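Notes for the one structure printed next.
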């Protein structure tokens with residue numbers, strides 16, 4: 022329900038800015054498509070506001086190979102153990118990424134910018150294994166073996182984003198945007214789903230929630246780098 026509500030809010034936000042009353046306030050409109058490692062490949066709408074300010078609303082998807090970069094860095098910098106990073110990678114992959122930002126450009130068509138905002142990662146996750154979970158939550162206790170059991174690990178993350186970068190004007194209508202920054206989870210809700218009844222299901226779910234929710238909120242920072250192609254309408 023939370024995911025559907027936020028989708029409706031995103032659509033309402035986009036419609037509201039493009040409605041007739043908003044045209045006096047919106048100075049221009051751009052569409053951007055690109056990639057942001059480790060969070061998403063996606064597209065977004067950019068609404069130019071008075072005084073070099075702007076707002077963006079976008080939707081992306083967290084691919085496994087992108088997420089893997091972020092979890093590898095988190096492990097490399099000592100934010101999480103490698104075993105925890107493996108489970109984190111499974112949960113963060115294959116999710117939708119709702120992206121809302123506001124920013125300031127230091128020049129009209131080309132130059133540096135700063136932006137910040139909110140993002141939501143939710144809606145998917147990917148397959149994991151008993152061994153992966155067991156390795157991540159140790160030394161709590163070992164779980165019963167079940168070779169025919171399928172487990173899906175997922176998470177819903179609410180994040181704060183802070184970015185900076187530079188935009189190049191390639192032509193009258195086309196531009197290239199490069200950015201870098203941080204994504205900080207503010208709240209997390211981890212989930213596990215099972216293909217059938219499993220004797221250790223409740224204990225495993227609680228162990229994963231206790232461990233992973235704490236790691237996301239209290240340990241994890243995602244270092245982000247993006248490249249976007251923009252088209253001015």
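Numbering (the working numbering), first residue to last: 22 to 254.
Just so it is clear, CB atoms sit at the ideal spot from N, CA and C, and this is done for glycine as well.
All figures in this text were calculated on a predicted structure; none of them were measured in a lab.
Item	Value
I need the straight-line Cα distance from residue 114 to residue 175, nearest angstrom please.	8 Å
For residue 118 versus residue 60, is the C-beta distance shorter than 8 Å?	yes
My assumption, with CB atoms under 8 Å, is that residue 238 sits in contact with residue 206. Please give the rounded CB distance.	6 Å
With respect to the beta strand (DSSP E) encompassing residue 53, which residues constitute its N-terminal and C-terminal limits?	49-58
Can you tell me whether DSSP reads residue 136 as helix, strand or coil?	strand
Taking residue 312 as the reference, which of 173, 101, 184 has the closest Cα?	Look at the range of the chain in this structure, 22 to 254, and you will see that residue 312 is not part of it.
Could you tell me the distance, in whole angstroms, from the CA atom of residue 129 to the CA atom of residue 80?	25 Å
Quick check on the burial criterion: 16 or more other C-beta atoms within 10 angstroms. Buried or exposed for residue 220?	exposed
Check each candidate in 250, 64, 65, 87 and name the one with the smallest Cα separation from residue 112.	87
Can you check whether the CB of residue 116 is closer than 8 Å to the CB of residue 142?	yes
Given residue 69, which residues of its chain have a CB within under 8 Å of its CB, disregarding the five upstream and five downstream residues?	47, 48, 49, 50, 51, 75
Taking buried to mean at least 16 other C-beta atoms within 10 Å of its own C-beta, is residue 124 buried or exposed?	buried
Does residue 70 come out as helix, strand or coil in the three-state DSSP assignment?	coil
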